[in-house]
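As structure tokens, the structure follows; a few thoughts come after it.
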Amino acid sequence: MDFSQSKALISGGASGLGLTTAKHIIAAGGKVALLDINQEQGDAVAKELGDNAIFIATDISKEQQVEDAADKAAEFMGGINLAVGCAGVLGAGLIHSKKGPMPADYFQKVVDINLVGSFLLTRAASRHMQDNEEVNGERGVIVHTASIAAYEGQIGQTAYSATKSAIVGMVLPLAREFARIKVRVMAVAPGVFETPMMEKITPEVCEQIAAGIPNPSRFGTPEEYAKLVQHIVENAYLNGTTIRLDAAARLQ
Numbered sequence: 055m056d057f058s059q060s061k062a063l064i065s066g067g068a069s070g071l072g073l074t075t076a077k078h079i080i081a082a083g084g085k086v087a088l089l090d091i092n093q094e095q096g097d098a099v100a101k102e103l104g105d106n107a108i109f110i111a112t113d114i115s116k117e118q119q120v121e122d123a124a125d126k127a128a129e130f131m132g133g134i135n136l137a138v139g140c141a142g143v144l145g146a147g148l149i150h151s152k153k154g155p156m157p158a159d160y161f162q163k164v165v166d167i168n169l170v171g172s173f174l175l176t177r178a179a180s181r182h183m184q185d186n187e188e189v190n191g192e193r194g195v196i197v198h199t200a201s202i203a204a205y206e207g208q209i210g211q212t213a214y215s216a217t218k219s220a221i222v223g224m225v226l227p228l229a230r231e232f233a234r235i236k237v238r239v240m241a242v243a244p245g246v247f248e249t250p251m252m253e254k255i256t257p258e259v260c261e262q263i264a265a266g267i268p269n270p271s272r273f274g275t276p277e278e279y280a281k282l283v284q285h286i287v288e289n290a291y292l293n294g295t296t297i298r299l300d301a302a303a304r305l306q
């Protein structure tokens with residue numbers, strides 16, 4: 055698919071990986087619809103991105119909100135041919151800690167945002183994609199954000215790892231199902247990246263983490279994620295799998 059013709063629906067689009075991907079798409083000549091819960095920040099970044107961007111306040115875990123947002127986005131962009139799922143929460147915590155057992159509603163919140171939100175974005179975007187005119191054998195591309203925690207989750211990542219593993223598990227059956235409508239489905243599993251999730255970590259701890267990343271020994275940048283999304287969009291033979299983007303890191 056021609057990246058410059060992207061009409062992208064991006065969850066978690068007001069910051070981090072989602073916002074950088076949106077900037078990359080705009081720079082290439084495409085259009086973006088940013089879904090996020092942060093109204094003030096979303097309005098500001100959409101204004102910064104210009105006339106080819108719109109912000110739609112959306113709780114990605116709420117079914118009707120996602121459906122309505124997709125309809126509004128399609129109207130603004132003249133359709134949807136790319137969806138990028140970047141909305142997510144870390145949901146760190148022990149099942150049994152000094153504070154007591156992890157509340158079930160805390161675990162459920164992580165599932166609702168990371169996993170159910172990915173499903174809802176997929177369903178809403180593909181509903182529009184299936185009606186697109188077929189161009190070079192394609193009608194759309196969906197890219198979800200998993201994590202290397204899907205494979206090597208650490209202590210305290212039970213909820214987060216479970217949801218990211220589930221995203222990895224969804225990709226192949228979705229790709230097989232959507233083959234009939236000519237929509238590809240992929241996922242990216244980032245390692246440790248420079249995102250708002252990492253802002254609460256002290257510089258000393260950041261240095262320790264970076265030192266354990268084989269090559270290059272640093273955090274990934276949102277720009278590197280956005281470039282991989284572009285490659286996925288442009289490479290029509292990528293379908294039904296998850297690509298690790300982690301500098302050979304393995305969680306210990």
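Residue 55 is where the sequence shown starts when you use this note's numbering, and the numbers rise one by one after that.
Note that the Cβ used here is the ideal one computed from N, Cα and C, for glycine as well.
Predicted, not measured: the structure shown is a model, and the values here were computed from it.
If you look at R238, you'll find it isn't in any alpha helix (DSSP H); it sits in the beta strand (DSSP E) that goes V237 to P244.
Contact check for E117 and L175: beta-carbon distance about 11 Å, past the 8 Å limit, so the pair fails to qualify.
Fully enclosed alpha helix (DSSP H) runs of no fewer than 4 residues occupy 70 to 82 and 93 to 103 of the stretch 59 to 111, in order along the chain.
Counting the other Cβ atoms within 10 Å of the Cβ of E248 gives 16 or more, which makes it buried.
DSSP, read as helix, strand or coil, puts L148 in coil.
T212 is not a Cβ neighbour of G139, given a cutoff of 9 Å. Under the criterion of beta carbons closer than 8 Å, F130 and E288 do not qualify as touching, at roughly 24 Å. With a beta-carbon spacing of about 7 Å, A107 and L88 fall inside the 8 Å limit used to define contacts. Below 8 Å, enough C-beta pairs join the stretch 96 to 111 and the stretch 66 to 81 to call them touching: three or more. The shortest C-alpha to C-alpha distance from V246 to any of A229, S201 and M183 is the one to S201. Assigned with DSSP and collapsed to three states, T217 falls in helix. With respect to A290, G142 sits apart: the two C-beta atoms are not nearer than 9 Å. Around the CB of V283, 16 or more other CB atoms lie within 10 Å, so the residue is classed as buried.
Per the coordinates, the alpha-carbon of R234 lies some 27 Å from the alpha-carbon of S115. No Cβ-Cβ contact shorter than 9 Å links P276 with L144. In the three-state scheme derived from DSSP, where H, G and I count as helix and E and B as strand, R272 is classed as coil.
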